[in-house]
Amino acid sequence: MCDVCNKLGEEHRSKVDSIISSIFQRIENSRSSNEYNGAAFIDSNFLSSLDMQDINEKFKQESKGILINEFNHVWFEPRMQLQLPSNFYQSVILDGQKLRSDWASGWLRVVSFSGSYMYLLIHALATKEDKEYNLFTYFLSFKLSELTLEKNDVKIKISIKDAAKEGIDLQSGSRSSHKFSFSFVHQKTENSFVPADRLQSSGLFKSVYAGKVAPKPLTFDWMKYVITVPHFSFHSIIHQRYKEFGFASPIEMQHAVTGCLKECLNLE
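Here this note's numbering is used: the sequence shown runs in plain steps of one and ends on residue 273.
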């Protein structure tokens with residue numbers, strides 16, 4: 006385990022609990038009001054200890070508890086270069102179709118690791134009349150042995166093609182199955198930061214996006230820079246605590262992602 010993993014503490018678990026509980030509430034809001042009837046898929050590998058014949062309230066509470074425990078690890082986000090809200094996450098292919106890769110507050114594409122497993126949480130929400138609903142949610146697990154892992158001096162790549170997953174859809178209350186493909190890339194970020202306010206004048210955006218005019222890049226209060234390569238980043242519930250983890254700045258913590266990722270993947 007990396008140093009960040011060892012220092013997560015109860016604060017992290019509390020945030021994981023809050024986020025996953027909110028997802029379950031959005032799923033219930035959509036189901037009960039018949040609004041935004043997107044998928045709410047849980048990989049059956051998470052549910053092996055439960056009776057999947059009866060998707061009742063007890064089942065939902067027990068499955069939520071399992072997911073909170075399983076995702077109580079370091080959260081990474083596989084991000085595109087330049088962090089644009091319209092093109093933020095690295096892509097996931099679901100049943101041959103690309104899932105939306107944009108970002109909005111509360112949306113998630115979280116990669117986490119526990120032992121010999123990689124977990125993936127994908128979530129999008131919609132708000133209507135001050136109430137939140139589920140657009141789509143996928144809780145997925147992959148054995149590291151299922152994945153294709155590539156590593157060199159500057160890059161780590163995690164990929165899989167047409168992985169068939171069976172599970173339960175909480176939205177419909179029935180069994181379902183899907184195929185997933187992704188190719189997540191992390192490139193070292195030490196020489197890849199550009200201040201967001203200099204992005205327009207640098208010409209970098211136009212070189213990456215074929216001459217299009219650069220929209221405003223997405224930045225966070227704790228980091229006013231844009232990263233110019235595809236990368237993994239710690240999720241903000243971790244990154245905002247950079248001082249607690251012993252880093253002098255958010256950028257220094259971002260550079261630590263490579264080492265932490267290698268340890269989680271047993272690549273050291």
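C-beta: ideal position from N, C-alpha, C; glycine also.
Values in this document were obtained by computation on a predicted structure and should not be read as measured data.
Residue burial classification, residue i (beta-carbon count within 10 angstroms, cutoff 16)
| i | result |
| --- | --- |
| Glu15 | exposed |
| Val159 | exposed |
| Asp100 | exposed |
| Thr263 | buried |
| Gly172 | buried |
| Gln102 | exposed |
| Gln66 | exposed |
| Arg203 | exposed |
| Gln58 | exposed |
| Glu273 | exposed |
| Asp174 | buried |
| Asp8 | exposed |
Reduced DSSP secondary structure (H/G/I, E/B, other) of residue i
| i | result |
| --- | --- |
| Trp227 | At Trp227, the pLDDT of 48 sits below 50, so the modelled position is not reliable and the matter cannot be decided from this model. |
| Lys267 | helix |
| His128 | strand |
| Ser241 | helix |
| Ser19 | helix |
| Glu257 | helix |
| Val262 | helix |
| Val9 | helix |
Beta-carbon proximity check, residue i vs residue j, cutoff 9 Å
| i | j | result |
| --- | --- | --- |
| Leu72 | Ile161 | no |
| Ser117 | His78 | yes |
| Tyr143 | Ile163 | no |
| His260 | Glu195 | yes |
| Glu137 | Arg31 | yes |
| Val115 | Phe81 | yes |
| Phe46 | Lys170 | yes |
| Ala168 | Lys156 | no |
| Trp108 | Leu130 | no |
| Gln176 | Asn61 | no |
| Ser146 | Glu75 | yes |
| Val2 | Val231 | Lying before the first or after the last residue shown, residue 2 is absent from the chain, which here runs from 6 to 273. |
| Val21 | Ile242 | yes |
Okay, do the region 246 to 260 and the region 19 to 38 touch, 3+ Cβ pairs below 8 Å being the bar? no
Threshold first: 3 residues or longer. Then list the beta strand (DSSP E) segments lying entirely within the region 24 to 109, N to C. 45 to 48, 81 to 89, 92 to 94 and 97 to 99
Enumerate, from N- to C-terminal direction, the unbroken beta strand (DSSP E) stretches of 3 or more residues contained entirely within the region 148 to 214. 153 to 156, 160 to 174, 179 to 192 and 198 to 200
Inspect the CB distances between the region 232 to 250 and the region 74 to 92 and report whether three or more fall short of 8 Å. yes
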